[in-house]
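These notes are about the structure you will find just below.
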Amino acid sequence: MKVDTKEVKIEREETRTDEEQTEVNEEEIDNLDPRDLELESGEGGHIKLKILDRGEKYERVRPESAFPLSGVMECVRFVQGEDGDKEELGMLNSPQDLEQKSYQVLKTTLEKIYFMPEVTAVKSIEEGFGISGHRWNVDTKKGERSFEVESRRRDVKRLPNNRIIVEDKDGNRYEIPDHTQLDQRSQKILHTEI
Amino acid sequence: MNRSADRVSEGMAKQRLEEIPEAIEEKAEEVLEGEEPQLIARSDLNLEGYFEEDWLFVTDVRVVAFSPPDEEEQGAENVDYRSLPLEAIEEISLKRYVGNAFLEAKLIGGGSKDLIRFSLSYTQRFEWVSDKIEELQGEEGVEEDLESTTRERLAYEDRCPICGGRLPEGMDICPQCASKERLLSRMFQYLKPYWKQAGVALLLLLGLTVLNLAPPYITRLMIDSVFPNRNVTLFTVLIGSLIGVYVFRALFRGLRTYVMSWLGQRITLDLRSKVFSHIQKLNMNYYDKNRTGKIMNRVTTDTARVRRFLTQGLQQTLNHLFKVIGIVVILFTMNWQLALMALAPVPLVMFLTVVFANKIHKVFHRVWRRVSTMKAILGDTIPGVKVVKAFTKENEEIRKFDDQLEEVFSSRLDAAKARSFFRPAMTFSTALGALIIWIWGGYNVLMNTGLLTLGTLVAFVSYMWKFFNPIKALARLSGKFESAITSAERVFSVLDIEPEMELSSPSSQSGREVRGQVTFEDVSFQYEAGQESEVLSEINLEVEPGETIGLVGPTGAGKTTFVNLIPRFYDVKEGEIKLDGKNIKDFDLQFLRRKIGIVAQHPFLFYGTIADNISYGVDDVDREEIIKAAKLANAHEFIMESPLGYDSQVGERGVGLSGGERQRISIARAILKDAPIMILDEATSAVDTETEEKIQTAIDRLIEGRTTFVIAHRLSTLKNADRLIVLEDGRLVEQGTHEELLEKEDGLFKKLWEMQTTVSRI
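If you read the sequences in order, they're chains A and B.
Take the first sequence: its position 30, counted from the start at 1, is 30 in the working numbering, and no numbers get skipped.
Converting from the second sequence to the working numbering requires adding 194 to each position, the first position being numbered 1.
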């Protein structure tokens, strides 16, 4: 299947002649101007979006980040429709230029969609007596949490600037923005894991 | 999925019923006004995204979510709740995002509402909840009570009934909570058939311990009784027994080594054979979820570790125990005051050993991880050196590597630090015992106080040296025990997975001729419960015997999944697939699979000769038939070109076969199998044009008269198919002959076709 994927993709790209390519660029890369946008909060990770210069209003739009881990609020696209039938309304590359209220709406909505609580202290990491993995007991900005991590190597990711992202067995993620900034005890516990 | 439902005993069920906080229970009673809750489910996030427990109550008329109050203001009056009548809900859907998910209710007349929020650990639970709510919405409601829904939910969730941790595939109880005694007794089951040998080994061991402890005692007698009194008779006796001790020790040791090896290998053999035959019967799902290496480890490393524990570990422990007890008894009988003093450092030594073992374990784990990261960098950059050079990234790679070296260095240093403190500390504390003996004992001998003889002193010192090694080993025992138990758990966890499909069941269909009519009726499929979208949905298709069906569609449309369902590599979740009008689940699995031939994109050849590979899966074949199949598959020529012909080895040191050659061997294999149904999954996509022609003619011969499913990304190869079906996002969107589909304006097939023909024109 893998090889299949590649080949088909390549073919598709090749079918576009140069002329088409530029056409596609103009049409598809539709950057939105933050000053033309008005956001209102909605339910279940959706927002209401007004694009002023087009005079359009959308009731149920989902914002999606292009860089959920490295910069949630940096490049955001707005999508309409459900899985399988999505339509991109446009990209917003500078959400920080949104109006204050709209910015807040976007921020809280993205926090819903990309839920990655920040770990403030590591209380203990228990070596699993069982099959594999460890149980982490931590404090996060969203409250206490205890979760299982399957593999140190795969699931505890060290990123630049001492950032660590831990993924638990269920696919939930937790972030330590800078592990050297944690309290001494947490650092000591974390020491064996990284 | 119901397998564990009955087994969740009352006690466990209670633990899992998850105590509802008083405040919420009180509030719920007030809000629900006598309506019976049909199901109750707890989440682990509140709507604001804090790790709090919201509770969802569903009655037959409404859904209510309760949020518990803050810690300071307990009490029902502070419980928040959101209530929604079932009538107002059009649809409930689970919105899965990154790290968390929502249950969202779409309201009749527009708009929607978030019911409850939870982390991904609870998606299974709430998926079940949303299905259940839908059922409750149905005309009459369902005859359910809280007890039974809870039980059903627990069975659905695949979580440990005791700790709530995620269960390994197919297990009923998590290894953490499995009783250690039960595990041990299960391990001993493997020792049981060989209890005689084990008993002999144990007796030899006891004898050895006694023999090992004898020499210092003999020394003592020599010094105290023989030399001062010039007792020649005793001297001869003692020398005789010394000779006896050494001879028997050698003899026992040799015997024991042999018996133990026999025992160990026997147990390994039993275990490995059991594990291997068991995993052969497991569903493809198991293989999808576990890496090959991991599965192989179960068969090799883990079984070996269980063996090591049962033989060496256990026996050594007994050995140490015997020794320690023996020495303590001897020491106390010789001189109890001195014994007390000499044994004083024992707790210190044990403590240090445990601390050291823990510390070193952690430190070395770290070293190991660092080193493997370093190796990963090497593994990336050296094969990719061309890219590195092309982008002139040499300096950056060097810096990255240097950084990693630095990390390796610092972790190694940690290990060195641990060692340079603990090792000397330990040697010193063991020497302490000997020191005490020399000081107190030496003084008494020197001053001739009569409390101690010279012989006893010498014997004491040599016993002391024998004493600390077993003590240290015993202190480390828990670690060893743990690793053995872990391995045992792994092995048993594999053995505990019930094969999802019985390879053969006597009651099922077999032995009949199969015509090859295949019918898909409302078939839907997803690989794992809880996935957002279905891989296949509501497929309906009827294929006549001998018909050739081409499967077309963009990548990820579900083509391979579609064909994988026919031999039951995976089982359909909804709807059914029928063969000659009978559900394929009613067929004997082995029989069913014998009736289906598969030629895949990358054919897998086993280690063995070419003839073996062609006749794989078919019993008792004539050589002539093998050659005939190879000829039909256009494989005969190249096979005969190699000097050993059909006896050429395939595999590492065998002949190098090209992709096209391997493909033709696998076609020959399929021809020989003579199955009424054929599946060709991208059979020609990995070969060059010239070979493709040869393969194509071979394939044409192969599929003649058989029901055939062909997947090919090159649409031109499907021209001859009787019918094409076009899949998109798991749905069957178009079907018809090549020409018919091309006539369809805006058809997906037409679009794909045009794309490909443009490419070939360029």
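Quick reminder that beta carbons are idealized off the backbone N, C-alpha and C, glycines included.
Since the model is a prediction, treat every value here as computed from it, not as a measurement.
Alpha-carbon to alpha-carbon, residue j and residue i
i, j, result
"R256/B", "E99/A", "39 Å"
"E886/B", "V708/B", "30 Å"
"F661/B", "R563/B", "36 Å"
"E26/A", "Q80/A", "Here the model assigns E26/A a pLDDT of 46, short of 50, so the residue's position is not dependable and the matter cannot be decided."
"Y291/B", "Q843/B", "51 Å"
"I790/B", "M872/B", "6 Å"
"N477/B", "D765/B", "9 Å"
"I164/A", "W136/A", "14 Å"
"R847/B", "A906/B", "Confidence is the limiting factor: at R847/B the pLDDT is only 49, short of 50, which leaves the residue's position unreliable and the question unanswerable from this model."
"G899/B", "N807/B", "24 Å"
"N93/A", "N479/B", "41 Å"
"E265/B", "D248/B", "14 Å"
"I412/B", "D464/B", "45 Å"
"E87/A", "V138/A", "39 Å"
"A498/B", "G507/B", "12 Å"
"E213/B", "I679/B", "33 Å"
"V439/B", "I433/B", "10 Å"
"R152/A", "N663/B", "34 Å"
"I665/B", "P409/B", "20 Å"
"L280/B", "N272/B", "25 Å"
"L645/B", "R501/B", "49 Å"
"V72/A", "N162/A", "18 Å"
"V565/B", "V557/B", "12 Å"
"Q598/B", "T495/B", "30 Å"
Which residues DSSP lists as bridging residue i, in chain order
i, result
"G802/B", "V844/B"
"P63/A", "F78/A"
"T180/A", "Answer by DSSP bridge pairing: none, since T180/A is not bridged."
"R290/B", "A295/B"
"I51/A", "L37/A, E56/A"
"A235/B", "L250/B"
"T344/B", "None, per the DSSP bridge assignment."
"V156/A", "V166/A"
"P279/B", "R256/B"
Unbroken alpha helix (DSSP H) run spanning residue i, endpoints
i, result
"E216/B", "216–226"
"R185/A", "184–191"
"S70/A", "Looking at the DSSP string, S70/A is not in any alpha helix (DSSP H), and its letter there is neither H nor E."
"T647/B", "Counting along the chain, T647/B falls outside any alpha helix (DSSP H), and DSSP gives it neither H nor E."
"R256/B", "It is not in any alpha helix (DSSP H) - R256/B instead sits in the beta strand (DSSP E) that spans 256–261."
"K112/A", "100–113"
"G401/B", "389–415"
"V420/B", "Taken as a continuous stretch (DSSP letters only), V420/B belongs to no alpha helix (DSSP H), as it is neither H nor E."
Buried/exposed call for residue i, threshold 16 Cβ in 10 Å
i, result
"M528/B", "buried"
"I592/B", "exposed"
"N734/B", "exposed"
"W322/B", "buried"
"V252/B", "buried"
"V581/B", "exposed"
"P797/B", "buried"
"E728/B", "buried"
"G649/B", "buried"
"R817/B", "exposed"
"I631/B", "buried"
"F943/B", "buried"
"Q21/A", "Model confidence at Q21/A stands at a pLDDT of 41, short of 50, so the residue's coordinates are unreliable and nothing is read from them."
Extent of the continuous beta strand (DSSP E) run through residue i
i, result
"E43/A", "Element bounds for E43/A: n/a, residue is neither H nor E."
"Q929/B", "925–930"
"I771/B", "768–773"
Listed by chain order, chain C residues near residue i by CB distance under 8 Å
i, result
"V292/B", "Checking the listed chains, one finds no chain C in this structure; the protein chains it contains are A and B."
Query raised in the report: Are there three or more Cβ pairs, one per stretch, closer than 8 Å when the region 820–832 of chain B is compared with the region 780–795 of chain B?
Result: no
Report task. Take every Cβ of the region 311–324 of chain B, pair it with every Cβ of the region 229–246 of chain B, and state whether three or more of those distances are shorter than 8 Å. Result -> yes
Query raised in the report: Taking one C-beta from the region 614–626 of chain B and one from the region 511–523 of chain B each time, how about it: are there three or more such pairs within less than 8 Å?
Result: no
Query raised in the report: Does the region 378–388 of chain B touch the region 440–450 of chain B, meaning 3 or more C-beta pairs lie closer than 8 Å?
Result: no
**Report entry** the region 419–434 of chain B / the region 532–549 of chain B touching (three or more Cβ pairs under 8 Å)
**Finding:** no
Requested in this report: Take every Cβ of the region 30–39 of chain A, pair it with every Cβ of the region 290–306 of chain B, and state whether three or more of those distances are shorter than 8 Å.
Outcome: no
Query raised in the report: Any contact of the region 212–227 of chain B with the region 572–591 of chain B, i.e. 3+ C-beta pairs under 8 Å?
Result: no
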